[in-house]
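Asks: Here it is, the structure, as structure tokens.
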Amino acid sequence: MSSLFAEVPPEPASDVPVRRVTINVNGEARTAVIEPRLLLAHLLRQGFGLTGTHTGCDTTNCGVCTVLFDGTPIKSCTMLAVQADGHNILTVEGLAGASELHPVQEAFKDEHGLQCGFCTPGMMLTAKAFLETNPDPTEDEVRWALSGNLCRCTGYQNIVKSVLAAAEKLRGQAGN
Amino acid sequence: MYPSRFRYEAPRSVEEAIALLHQGGGEAKVLAGGQSLVPMLKLRFASPEMLVDINNLPGLDYLRVDADGTIRIGALCRHADLEKSTLLAAHQPTMAAAAPLVADPIVRNRGTLVGSLCHADPQGDWASVMIALGGHIVAQGPKGRRKIAVADLMKGPFQTVLAYDELAIEAVVPAPKGVAGGGYLKLERRVGDFATVGVAIAIETSAGSVIRAGIGLTGVGGSTINAVDAAGALLGGPLTADTIARASELAAQAAQPRSDHRGSATYKRHIVSTFVTRILTSVPDSKGKAA
Ligand SMILES: Cc1cc2nc3c(=O)[nH]c(=O)nc-3n(C[C@H](O)[C@H](O)[C@H](O)COP(=O)(O)OP(=O)(O)OC[C@H]3O[C@@H](n4cnc5c(N)ncnc54)[C@H](O)[C@@H]3O)c2cc1C
Ligand code: FES
Ligand code: FES
Chain W
3 MSSLFAEVPP
13 EPASDVPVRR
23 VTINVNGEAR
33 TAVIEPRLLL
43 AHLLRQGFGL
53 TGTHTGCDTT
63 NCGVCTVLFD
73 GTPIKSCTML
83 AVQADGHNIL
93 TVEGLAGASE
103 LHPVQEAFKD
113 EHGLQCGFCT
123 PGMMLTAKAF
133 LETNPDPTED
143 EVRWALSGNL
153 CRCTGYQNIV
163 KSVLAAAEKL
173 RGQAGN
Chain G
91 MYPSRFRYEA
101 PRSVEEAIAL
111 LHQGGGEAKV
121 LAGGQSLVPM
131 LKLRFASPEM
141 LVDINNLPGL
151 DYLRVDADGT
161 IRIGALCRHA
171 DLEKSTLLAA
181 HQPTMAAAAP
191 LVADPIVRNR
201 GTLVGSLCHA
211 DPQGDWASVM
221 IALGGHIVAQ
231 GPKGRRKIAV
241 ADLMKGPFQT
251 VLAYDELAIE
261 AVVPAPKGVA
271 GGGYLKLERR
281 VGDFATVGVA
291 IAIETSAGSV
301 IRAGIGLTGV
311 GGSTINAVDA
321 AGALLGGPLT
331 ADTIARASEL
341 AAQAAQPRSD
351 HRGSATYKRH
361 IVSTFVTRIL
371 TSVPDSKGKA
381 A
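Chains as they are written, first to last, in my numbering: chain W, 3 to 178; chain G, 91 to 381.
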């Protein structure tokens with residue numbers, strides 16, 4: 003990754019047109035002066051040190067780089083960092099509260115929804131956004147919602163179980 | 091993978107966007123959902139000097155139906171907005187069937203229908219749908235607006251007749267004169283894959299008779315195919331087993347598939363005819379008649 007970073011560092015050379023952006027990342031305003039061609043995934047990882055957002059395919063296929071852009075899942079390898087100027091980004095680092103895991107994280111832990119964990123940040127963020135629009139989904143709906151996130155380990159079974167369990171936890175919380 | 095260097099502009103009005111495109115003199119590119127353009131920039135298949143990001147243009151994210159039934163899709167209306175639309179589910183079966191089949195759910199959150207038409211990928215799903223529906227786009231340039239039929243928009247693979255300083259503002263589906271029917275079927279190897287074969291059909295019926303028909307084919311030629319003869323075979327009477335069989339045969343003839351990793355030409359042609367039959371036999375009025 004260091005070679006990519008060397009090619010387009012968050013601190014560009016002085017002769018390159020740059021932009022100053024302020025992005026709200028996990029509830030905190032972060033400012034950076036960047037080249038427009040810097041991708042959001044790389045600003046998050048190398049610029050802000052938030053390495054929970056992974057990059058896998060780098061070709062918009064796998065979904066491991068998924069973050070929430072104003073609440074909506076997007077592939078951060080396919081958005082320019084400048085496009086996030088003035089917007090809210092939620093990464094996996096922003097899911098847990100100060101003392102406890104987010105119910106989606108708890109469910110992935112309880113239901114063994116991960117093996118190597120590479121796809122997990124993207125899966126959980128997609129699941130979080132999905133459960134906000136569909137709090138009581140069927141198994142088919144969960145599979146459909148996650149169909150843009152690839153996992154090479156689990157065979158998806160436990161991921162689907164985790165999301166269904168998370169839905170139940172979240173409904174329980176909402177009911178309290 | 092990194093794009094080469096470019097100047098980035100994020101205009102706040104359509105006029106400003108067009109002025110920037112004009113200033114770019116053919117070296118500027120519009121950035122809409124970015125779901126085709128950003129991957130191309132990263133692979134350096136495209137290296138524009140300037141990107142004109144239209145995501146901050148106000149009031150272009152609409153999907154609306156005029157009083158007469160005309161459907162308008164603004165340049166920033168995303169695939170996901172179309173997928174979730176109850177309006178399309180109720181009134182426009184061809185679009186409603188296609189929306190969930192474009193790319194994957196995360197790509198659909200960003201990608202736009204208008205951007206897909208402007209991208210002119212022979213494997214793009216929306217071009218076939220819009221051709222079947224007889225749709226057009228409204229393009230605006232420094233000299234004003236013009237309408238371009240989607241059937242005339244594509245010059246070839248990834249090429250359109252849009253001038254370098256024209257921005258596509260919206261896509262328009264004309265108001266139906268009869269009851270709208272039809273659908274979209276797509277054969278894909280997995281979710282998010284482009285079509286091995288896609289078939290879009292839009293018909294309008296009045297008093298049991300087909301008064302308008304359009305058939306568009308995805309992924310079986312160098313451009314999206316407008317299967318005019320196949321559609322013509324449906325006109326002037328009710329849908330029957332005979333007219334459906336004739337349309338299926340003519341659509342398969344209109345396809346110009348190539349054998350590749352997705353399947354042989356013969357197989358793809360067979361799928362075209364199967365899909366035409368399947369869509370037409372599922373139009374409510376035709377049930378049973380085509381058995
Ligand atoms: C993994 C993956 C799978 C996909 N699968 C499919 C699929 O199955 N079927 C399918 O149809 N598509 C698929 N796509 C493409 C996707 O639908 C894109 O969203 C679409 O092709 C382009 O729309 P966009 O808004 O993202 O446009 P962009 O990528 O922003 O732009 C595409 C091109 O159109 C031009 N353009 C965009 N908007 C305008 C405008 N308003 N005026 C003038 N020019 C404009 C741009 O300059 C550029 O040349 C897939 C993409 C990915 C990454
Ligand atoms: S790294 Fe972004 S989709 Fe694979
Ligand atoms: S847990 Fe390894 S890729 Fe999903």
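Yeah, the Cβ is synthetic: ideal placement off N, Cα and C, and Gly gets one too.
1) What are the boundary residues of the beta strand (DSSP E) that includes residue 98 of chain G?
2) Whether or not the segment 21-32 of chain W and the segment 81-95 of chain W are in contact is what I'm after, with contact meaning three or more pairs of Cβ atoms, one per stretch, closer than 8 Å; do they touch?
3) In the DSSP output, what is residue 254 of chain G paired with across the bridge?
4) In the DSSP output, which residue or residues are listed as bridge partners for residue 119 of chain G?
5) By the 8 Å beta-carbon criterion, what residues does the segment 138-164 of chain G contribute toward chain W?
6) Identify whether residue 112 of chain W lies in helix, strand or coil by the three-state DSSP scheme.
7) Taking residue 76 of chain W as the query, report the chain G residues whose CB atoms sit under 7 Å from its CB, ordered along the chain.
8) Reducing DSSP to helix, strand and coil, say where residue 26 of chain W ends up.
9) Would you say residue 149 of chain W lies against chain G (beta-carbon separation less than 8 Å)?
10) Closer than 7 Å between beta carbons: that is the criterion. Which residues of the segment 49-70 of chain W meet it against chain G?
11) Under three-state DSSP, which class holds residue 168 of chain W?
12) Between the segment 213-229 of chain G and the segment 176-192 of chain G, do three or more beta carbon pairs fall short of 8 Å?
13) Give the secondary structure of residue 378 of chain G by DSSP, where H, G and I count as helix, E and B as strand, and everything else as coil.
14) What are the residues in the segment 29-40 of chain W lying within 9 Å of chain G by C-beta distance?
15) My output table needs one value for residue 154 of chain G: the three-state DSSP class, helix, strand or coil.
16) With distances taken from each beta carbon to the nearest heavy atom of ligand 3, which residues come in below 5 Å, in chain order?
17) What residue does the alpha helix (DSSP H) around residue 357 of chain G start on, and which one ends it?
18) Taking 8 Å as the threshold (C-beta atoms), are residue 196 of chain G and residue 77 of chain W in contact?
19) For the segment 116-129 of chain G, which residues have a CB atom closer than 7 Å to at least one CB atom of chain W, in sequence order?
20) Kindly indicate which three-state DSSP category residue 230 of chain G falls into: helix, strand or coil?
21) Are the beta-carbon atoms belonging to residue 137 of chain W and residue 169 of chain W less than 8 Å from one another?
22) What residues of chain W sit near residue 282 of chain G, judged by a beta carbon separation below 8 Å?
23) Under 7 Å: does the beta carbon of residue 126 of chain G sit that close to some heavy atom of ligand 1?
24) On the DSSP letters alone, give me the boundaries of the beta strand (DSSP E) that residue 68 of chain W sits inside.
25) May I ask you to check if the CB of residue 167 of chain G is nearer than 7 Å to at least one heavy atom of ligand 2?
26) Got a sec? Which residues, its chain only, sit under 8 Å from residue 62 of chain W by beta carbon, not counting five neighbours each side?
27) Is there a Cβ from chain W that is less than 8 Å from the Cβ of residue 93 of chain G?
28) Grab the span of the beta strand (DSSP E) containing residue 270 of chain G for me, first residue to last.
29) Interface residues of chain G around residue 81 of chain W at Cβ under 8 Å?
30) Between which two residues does the alpha helix (DSSP H) carrying residue 281 of chain G extend?
31) With a threshold of 16 other CB atoms inside 10 Å of the CB of residue 173 of chain W, please say whether the residue is buried or exposed.
32) Taking Cβ positions, are residue 21 of chain W and residue 95 of chain G nearer each other than 8 Å?
33) Please compile the residues from chain G whose C-beta is within a distance smaller than 7 Å of the C-beta of residue 19 of chain W.
34) Helix, strand or coil for residue 159 of chain W, going by three-state DSSP, please let me know.
35) For the beta strand (DSSP E) that residue 307 of chain G lies in, which residues bound it at each end?
36) Residues of the segment 121-138 of chain W with a CB closer than 8 Å to any CB of chain G: list them in chain order, please.
Replies: So, from the data block:
1) Where residue 98 of chain G is concerned, the enclosing beta strand (DSSP E) stretches over 97-99.
2) Here the segment 81-95 of chain W lies against the segment 21-32 of chain W, with 3 or more beta-carbon pairs under 8 Å apart.
3) Among the bridge pairs identified by DSSP, residue 254 of chain G is matched with none.
4) DSSP, once it has assigned bridges, lists G:141 as partnering residue 119 of chain G.
5) Those residues of the segment 138-164 of chain G placed with their C-beta closer than 8 Å to a C-beta in chain W are 141, 143 and 145, ordered along the chain.
6) Helix.
7) What residue 76 of chain W touches in chain G, judged by beta-carbon distance under 7 Å, is 196, 199 and 200, going in chain order.
8) Three-state result, residue 26 of chain W: strand.
9) Judged by the 8 Å Cβ criterion, residue 149 of chain W is in contact with chain G.
10) Look at the segment 49-70 of chain W: the residues with a C-beta under 7 Å from a C-beta of chain G are 60, 61, 62, 63, 65 and 68.
11) If DSSP states are grouped into helix, strand and coil, residue 168 of chain W belongs with the helices.
12) The count of Cβ pairs closer than 8 Å, one atom from the segment 213-229 of chain G and one from the segment 176-192 of chain G, reaches three, so the stretches are in contact.
13) Caution is warranted here: a pLDDT of 42 is assigned to residue 378 of chain G, below 50, making its placement in the model unreliable, and no coordinate value can be reported.
14) For the segment 29-40 of chain W, the set of residues with a beta-carbon nearer than 9 Å to any beta-carbon of chain G comprises 37, 38, 39 and 40, in chain order.
15) Secondary structure of residue 154 of chain G (DSSP, three-state): strand.
16) For ligand 3, the selected residues are W:116, W:117, W:118, W:120, W:121, W:153, W:154 and W:155.
17) Residue 357 of chain G -> alpha helix (DSSP H) spans 355-371.
18) It is a contact, given that the beta carbons lie within the stated cut-off.
19) Here the close residues are 124, 125, 128 and 129.
20) Residue state, collapsed to three classes: strand.
21) Judged by beta-carbon spacing, residue 169 of chain W lies within the 8 Å limit of residue 137 of chain W, meaning their Cβ atoms are closer than that value.
22) Within chain W, the residues whose beta carbon sits less than 8 Å from that of residue 282 of chain G are 63, 149 and 150, listed in sequence order.
23) Yes, Cβ of residue 126 of chain G sits closer than 7 Å to a heavy atom of ligand 1.
24) Membership of residue 68 of chain W in the beta strand (DSSP E) is indicated by the continuous run 68-71.
25) Flag unset: Cβ of residue 167 of chain G not near ligand 2.
26) Cβ within range, chain order: 77, 79 and 80.
27) Answer yes: the Cβ-Cβ gap between residue 93 of chain G and chain W drops below 8 Å somewhere.
28) Run containing residue 270 of chain G: 269-277, per the beta strand (DSSP E) assignment.
29) Residues of chain G passing the Cβ test: 124, 128 and 200.
30) In the DSSP assignment, residue 281 of chain G falls outside any alpha helix (DSSP H), carrying neither H nor E.
31) So residue 173 of chain W ends up on the exposed side.
32) Not closer than 8 Å, so no.
33) Going along chain G in sequence order, the residues near residue 19 of chain W (Cβ under 7 Å) are 97.
34) DSSP places residue 159 of chain W in helix when its eight states are reduced to three.
35) For residue 307 of chain G, the enclosing beta strand (DSSP E) stretches over residues 299-308.
36) Those residues of the segment 121-138 of chain W that come within reach of chain G (Cβ to Cβ, closer than 8 Å) are 128.
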